[in-house]
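What the sequence shown shows, in my numbering, is residues 872 to 1398, in sequence order.
Built from N, CA and C at the ideal position, the CB exists for glycine as well.
This report concerns only the one structure given below.
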Amino acid sequence: MENAADTPSRVSGRPRVDIDPYKAEIIALFEKKMKSDDICKHLKRQHDIQISARTLSKRLQVWGVKKVKENNSSNPALHARIKNLFFDVGLTDQEIVTVLHDEGYDVSNRTLRRLRHQLGIRLRLDSPTQQQAQVQEILDALTEEMDKGTIEGYGKELLHNHFRSKGYVFARDRLYSVYRMMRPDTVERRTSDVPRRPPPPKILAGPNLTWHVNGYSKLANFGFRIHAELDAYSRYVLWIHVGVDAHTAAGVLKNHLETVASKNRQPRTLRSDLESEVPLLADAHFALRRITEPDVQREQCCAPGRATDTHRIESWWAQLAKSVVTLYHVSHLSTSTVSSYIQLQNTDLSQNYFRDLHNEGLFSSAVIPEQVALFAIYMPTLRSHIKSYVQTWNMHNIRKQTDHPERTPGKPYMNYHHPPKGVENFGLPADVPTLQAMQQDHADYDTEQYLPPDTLHWCESQLQQLGFDPRKPPARLPGDLQPFRAVYLALRERAWHHERSGAEPKLAVCAAPGQGLRGYLPSGSGR
872 MENAADTPSR VSGRPRVDID PYKAEIIALF EKKMKSDDIC KHLKRQHDIQ ISARTLSKRL
932 QVWGVKKVKE NNSSNPALHA RIKNLFFDVG LTDQEIVTVL HDEGYDVSNR TLRRLRHQLG
992 IRLRLDSPTQ QQAQVQEILD ALTEEMDKGT IEGYGKELLH NHFRSKGYVF ARDRLYSVYR
1052 MMRPDTVERR TSDVPRRPPP PKILAGPNLT WHVNGYSKLA NFGFRIHAEL DAYSRYVLWI
1112 HVGVDAHTAA GVLKNHLETV ASKNRQPRTL RSDLESEVPL LADAHFALRR ITEPDVQREQ
1172 CCAPGRATDT HRIESWWAQL AKSVVTLYHV SHLSTSTVSS YIQLQNTDLS QNYFRDLHNE
1232 GLFSSAVIPE QVALFAIYMP TLRSHIKSYV QTWNMHNIRK QTDHPERTPG KPYMNYHHPP
1292 KGVENFGLPA DVPTLQAMQQ DHADYDTEQY LPPDTLHWCE SQLQQLGFDP RKPPARLPGD
1352 LQPFRAVYLA LRERAWHHER SGAEPKLAVC AAPGQGLRGY LPSGSGR
């Protein structure tokens, strides 16, 4: 008979993994609030040790390491972050919890709800008295924003997120109901647009796979250059620029390089229909890719923007046009909407306001005093409105559309920065020394400048005498389709007199950069 003590056990467990030599390292990572799963991945990557999160948790208990429970109720940094994610980014509770977890905060949905109430952020109003008071608050807020012209053409989601970014906590349906009551003509115009034929489905795999660079040309004849860069998967607006030279190589390239530097990553593919205007953009992206991937071909990382490929960014431009620049360029309105507007303002709505000035002989881009006056009055307003729209767009919710399966539902901010599980982030690191050298080459180009300093100073002085601040313009009257026309005509007249007098400063517009631009096509590589 065999001795049981000498017989190996028929049921043998897995051998115990010895992680004691890495005890100090593990505890240090734990105290830095690294998640257990991430610590396990770190051990596998650095020391080829495979353990589960459960095993790690048990070992920490054996070592006497306990999780320090934070007092979330008195954490000012956490409170500030919650306010930022709620108001500025427009996230839901679940999305806020996801972001906070990624940033190392241990906050549950229940804890977040309690903290929101502690901060005075309540989503529901059960009392009829409170609901009625909110309706009055909505009326006041809508009146103020409509006077500014900021929310013209906004839909339900954009409108709700716009006011949240201003610090208001309004019920979405209640807000839009009041808006429809106040501006039925605007809502009708928005919903009566003729739908375009949907493009073929094109499934886009994840953030930073493709960035689109495109421009809005409707105001180009009047000197305003508008360009933007969007992530194709999330439709997150990476940057937008309104200026006088953003269509040039230096303007678009500088914005692109600043985005790559700030995010410390670049896309796999850059698509644009502007390569004939901005050849340096494709050259720079190709050069950055070649640093880390010597065998990559230009066609793999730079592509033209075909219609089906750029549908997402084109549809975003259409949304921008409806919501922001319709005042300056009205392409088409429904018959009933035109009739209602003609009752308010007897003008030809088939043309935009700037075109009307041109047709009346009051504006020409070739006439310096008139171009200067137009920039001085309308550039700050246009920039402010578009910046507000982009902030609202990035935080609004894109609904799932059965006829457009290629469009990713959800908030652009979340889909770009915190994509759903299983969605790969395709961003690639950029070579920092090369990137910095590229940025330094164009450091002298000020893309924010829209008038030479002495000309801008003269305009601001004249506008101050006229009692007009372009950065804080007065409220517009309802139905006013020619905003600040009287101010423009007055400044135009003063600019004409100033130029004829020969006085200093000599009025001028910014010259587009054309000399000293460096190309980045890697040596020995062909196009």
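CB Leu949 to CB Ile967, shorter than 8 Å?
In this structure, Ile967 does not lie closer than 8 Å to Leu949 by Cβ.
Decide if Gly935 is buried, meaning its Cβ has at least 16 other Cβ atoms within 10 Å, or exposed.
Answer is exposed; the Cβ neighbour count stays below 16.
Are the segment 1348-1367 and the segment 1235-1243 touching by the rule of at least three beta carbon pairs closer than 8 Å?
As far as the Cβ criterion goes, the segment 1348-1367 touches the segment 1235-1243, which means the pair count is three or higher.
If you compare alpha carbons, which of Leu994, Leu1101 and Arg1356 is closest to Trp1264?
The option with the nearest alpha carbon to Trp1264 is Leu1101.
At which residue ranges does the segment 903-964 contain complete alpha helix (DSSP H) runs of 4 or more residues, listed in the order of the chain?
Entirely contained in the segment 903-964, the alpha helix (DSSP H) runs reaching 4 residues are, in chain order, 907-918, 924-933 and 947-954.
Which residue or residues does DSSP assign as beta-bridge partners of Cys1173?
Beta-bridge pairing links Cys1173 to Leu1141.
State the Cα-Cα distance for the pair Val970 and Pro1291, rounded to the nearest angstrom.
Their Cα atoms are separated by approximately 12 Å.
State yes or no: is the C-beta of Ala1103 within less than 8 Å of the C-beta of Thr1081?
Yes, they are a contact pair.
Buried or exposed, going by whether 16 or more other CB atoms sit within 10 Å of the CB of Thr1000?
By the 10 Å Cβ count, Thr1000 comes out exposed.
From what residue to what residue does the beta strand (DSSP E) around Arg1096 run?
Taken as a continuous stretch (DSSP letters only), the beta strand (DSSP E) holding Arg1096 covers Arg1096 to Asp1102.
Mind reading off the beta-carbon distance from Arg1106 to Trp1187? Whole number of angstroms is fine, and I expect it under 8 Å.
Right, their Cβ atoms sit about 6 Å apart.
For the beta strand (DSSP E) that His825 lies in, which residues bound it at each end?
Any question about residue 825 goes unanswered here, given that the chain covers just 872 to 1398.
What's the call for Lys1282, buried or exposed, on a 16-neighbour Cβ count within 10 Å?
Lys1282 comes out buried.
Measuring straight from C-alpha to C-alpha, what distance separates Trp1329 and Ser1259?
Cα-Cα distance, rounded: 28 Å.
Among all the DSSP beta bridges, which residues are the ones paired with Gly1281?
Beta-bridge pairing links Gly1281 to Ile1269.
Are the Cβ atoms of Leu1152 and Leu1109 separated by less than 8 Å?
Their beta carbons are not under 8 Å apart, which means Leu1152 does not touch Leu1109 by this criterion.
If you follow the alpha helix (DSSP H) that Thr1326 is in, where does it begin and where does it stop?
Note, Thr1326: alpha helix (DSSP H), Pro1324 to Gln1336.
With 16 as the cutoff for other CB atoms within 10 Å, does Asp1154 come out buried or exposed?
Asp1154 is buried by the Cβ-count criterion.
Looking at C-alpha atoms only, which residue of Glu1008, Pro1344 and His972 is the closest neighbour of Val1040?
For the residues Glu1008, Pro1344 and His972, the minimum Cα distance to Val1040 belongs to Glu1008.
In chain order, what residues of the same chain have a beta carbon less than 8 Å from the beta carbon of Val888, not counting five sequence neighbours either side?
These residues qualify, in order along the chain: Ile920, Gln921, Ile922 and Thr926.
Please classify Gly1026: does DSSP put it in a helix, a strand, or coil?
Residue state, collapsed to three classes: coil.
Taking only heavy atoms of the ligand NAD into account, decide whether any of them is closer than 7 Å to the Cβ of Thr1305.
Because no ligand of any kind appears in the structure shown, any question about the ligand NAD cannot be addressed here.
Take Met1266 as the anchor and find which of Leu931, Val960 and Asp1144 has the nearest alpha-carbon.
Cα-wise, what sits closest to Met1266 is Val960.
Kindly indicate which three-state DSSP category Tyr1359 falls into: helix, strand or coil?
Tyr1359: helix per DSSP, three-state reduction.
Measuring CA to CA, which of Lys915, Arg993 and Tyr1025 is closest to Ala1189?
Answer by Cα proximity: Tyr1025.
Out of Val1006, Glu902, His1033 and Phe958, which one is the CA nearest neighbour of Tyr976?
Tyr976 has its Cα closest to that of Glu902, out of Val1006, Glu902, His1033 and Phe958.
To the nearest angstrom, report how far apart Ala951 and Gln965 are at their CA atoms.
Whole-angstrom Cα-Cα distance: 17 Å.
Whose C-alpha, out of Leu1090, Gly991, Ala1357 and Ala1379, is nearest the C-alpha of Gln1320?
Checking every option, the nearest Cα to that of Gln1320 belongs to Ala1379.
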